[in-house]
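The sequence shown: position 138 = 130 (this note's numbering), numbered continuously. Backbone N, C-alpha and C fix where the C-beta goes; we use that ideal spot for every residue, glycine too. Below: the structure, in structure tokens.
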Amino acid sequence: MIQDTIDAMPLPAIVVSRDERIEASNAGAGRLLGSASVGRHYIAIIRQPPLLDAIEVSLRTGARKSAKFLSTEAQKDMTWNAQVAPIGDTGSALVTFEDQTATEEAGEMRRDFVANVSHELRTPLTALLGFIETLRGAARDDADARARFLGIMEREASRMNRLVQDLLSLNRVESEERVRPVGEVDLAALLGSVLNALAPVADESGIEITTSGLDIPGLVSGDADQLAQVATNLVENAIKYAGRGRSVRVSIDKVDRHPMLRGPAVLLVVADTGDGIDAIHIPRLTERFYRIDNHRSREMGGTGLGLAIVKHIVNRHRGRLRIESKPGAGTQFQVILPTSQ
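Dropping the structure here:
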């Protein structure tokens, strides 16, 4: 009867009897604790002091207890909330395990996000306050120093403004990610406008931009402003990190069937001939505030949010983002979007 009851439970569950042995276990608990646990002492199976203490107290006093239980599944750390409750007056206790991994990860991401934002804002704010104090004191009557300090203050204030704007953009994109856009956008025409706007930036950096496929319409279902932001972020990154005297290639291509989308697609490719990226960094490039070189990124005005914004926009458009790079061989970003139907 007890076995039939816990077999019907959606959560991993075991029953610990009055004699401290595992009396019953369902399939979920078998995967979590091992299938040969029935009949064995619970201490030999669980081996985590917080949960062992909770079970001991519940068996002895009949009180409900809870504890955190940690496990590893497919090389991923898992966090469970274990609830221990007495079963009537039988002297046995029911232990259930609820997966809290996603909640724990969300909490950790939130803490990391707050810490990163605080760090990113603290540096320019500290610089601004220091220069303001200097301008009120020692540099009050020094025209050259005042002009130099005001220039630095302007750069730091601009850096904070870019960070705030990117944070707002990221928040807006995340809030709309599950809402599929319904408009139709010519990706080729949109990319042409973006490249015209960025031409002065490329010229100033000594970067040659070559294009292909922009003469043929590439129609996709999408939000024009967001897709323009994707193109702008990718091309700006390529210009910044290619290196003076290098080149950036931007292309549009159409395929009748792309294996990643299982249907017709338009491909936007932005490739540079820069120093490339070590493979260890590629899976983390779209994380918020992840930078390969913090100092270089900040010197170039990067906020560490550009590729995170790109990822969320591409997800909203039901597309895919691929990154390919090798040290010394440049980097290629490929955005794969379904064509408009």
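Secondary structure of residue i, DSSP reduced to three states
i           : result
residue 232 : helix
residue 30  : coil
residue 303 : helix
residue 218 : helix
residue 3   : coil
residue 113 : helix
residue 245 : strand
residue 204 : strand
residue 179 : helix
residue 297 : coil
residue 263 : strand
residue 314 : strand
residue 255 : strand
Whether residue i touches residue j by CB criterion (9 Å)
i           : j           : result
residue 242 : residue 202 : yes
residue 7   : residue 84  : yes
residue 105 : residue 21  : no
residue 87  : residue 43  : yes
residue 38  : residue 61  : yes
residue 71  : residue 91  : yes
residue 74  : residue 46  : yes
residue 78  : residue 56  : yes
Beta-carbon separation (whole angstroms), residue i vs residue j, contact threshold 8 Å
i           : j           : result
residue 234 : residue 278 : So it is not a contact: roughly 20 Å between Cβ atoms.
residue 331 : residue 216 : Rounded, the Cβ-Cβ distance is 16 Å, inconsistent with contact.
residue 200 : residue 239 : 4 Å
residue 183 : residue 297 : Contact doesn't hold; Cβ gap of about 22 Å is too wide.
residue 263 : residue 324 : 4 Å
residue 268 : residue 317 : 5 Å
residue 190 : residue 231 : 7 Å
Cβ neighbours of residue i in the same chain (closer than 7 Å, five flanking residues each side left out)
i           : result
residue 186 : 220, 223, 224, 227
residue 152 : 113, 116
residue 236 : 197, 198
Chain-order list of residues whose beta-carbon lies under 8 Å from that of residue i (same chain, five-residue window excluded)
i           : result
residue 169 : 304, 307, 308
Cutoff 6 Å; reference residue i; Cβ partners in own chain excluding five residues on either side
i           : result
residue 161 : 301
residue 218 : 305
residue -6  : 7, 16
residue 312 : 252, 328
beta-carbon residue i near the ligand FMN non-hydrogen atom, thresh 8 Å
i          : result
residue 32 : For the ligand FMN, the structure offers nothing, since it holds no ligand at all.
Short CB-CB distance (under 9 Å) between residue i and chain C
i           : result
residue 230 : In the structure shown, chain C cannot be found, because there is only a single protein chain.
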